[in-house]
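This report refers to the structure that appears directly beneath it.
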Amino acid sequence: MNYMLCTTTTTDPIIVFSENRSRISVLNNNRIEVQKIQVDGCLIDAHLEKCDWLFCYEDNTKKAVFIELKGCDLDKAISQLRSTIGHTRANYSAYRKECYAITTRVPKHGASTRKRSIDFFNQTGATLSIKNSPYSISI
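Our numbering numbers the first residue of the sequence shown as 58 and each following residue consecutively.
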């Protein structure tokens, strides 16, 4: 995995990740230096399951945020995020990990969605947020 080839560093106030109809915007009001890494199509081989993007930054702790942009197949999105965490574990062991599954249609936030997030955390040590597109987060 060639991290340097797949990484762009930015301090832009708004960093957008989009694919098809799914989109997440990262509001970087303090213009923190962010490493934006293209996972699908660059970092991880085409034959392996992986998420679309990953970005890393440091405020008072190191954080790695994994992003999967999906239509409506939530189970596939979760599987891709879990797989990417496994593939990149050595590089991000010292980072707090957050994952976002951004879908065009997400099931109602009920017991099954909460259970998926809890199971994901127990398996990976990373938080999982399941959100409808478009969505935005602040760092």
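Each residue gets a CB set at the ideal place from its N, CA and C atoms; glycine is no exception.
Whole-number beta carbon distance between residue j and residue i, since they are thought to touch under 8 Å
{"i": "residue 158", "j": "residue 125", "result": "5 Å"}
{"i": "residue 112", "j": "residue 91", "result": "5 Å"}
{"i": "residue 135", "j": "residue 177", "result": "6 Å"}
{"i": "residue 68", "j": "residue 81", "result": "About 18 Å separates the two Cβ atoms, so there is no contact after all."}
Backbone CA spacing between residue i and residue j [nearest angstrom]
{"i": "residue 119", "j": "residue 169", "result": "30 Å"}
{"i": "residue 162", "j": "residue 188", "result": "9 Å"}
{"i": "residue 182", "j": "residue 102", "result": "24 Å"}
{"i": "residue 116", "j": "residue 146", "result": "21 Å"}
{"i": "residue 72", "j": "residue 83", "result": "5 Å"}
{"i": "residue 98", "j": "residue 172", "result": "31 Å"}
{"i": "residue 105", "j": "residue 95", "result": "14 Å"}
{"i": "residue 140", "j": "residue 107", "result": "6 Å"}
Beta strand (DSSP E) segment containing residue i, residue limits
{"i": "residue 186", "result": "184-189"}
{"i": "residue 88", "result": "Note, residue 88: premise wrong, no beta strand (DSSP E); not H, not E."}
DSSP beta-bridge partners of residue i
{"i": "residue 40", "result": "The requested residue 40 does not occur in the structure, where the chain is confined to residues 58 to 196."}
{"i": "residue 71", "result": "84"}
Task: Inside the segment 104-142 only - beta strand (DSSP E) runs reaching at least 3 residues - done: 110-115 and 119-127
Task: Segments of 3+ residues assigned as beta strand (DSSP E) that fall wholly inside the segment 145-169 - done: 153-160
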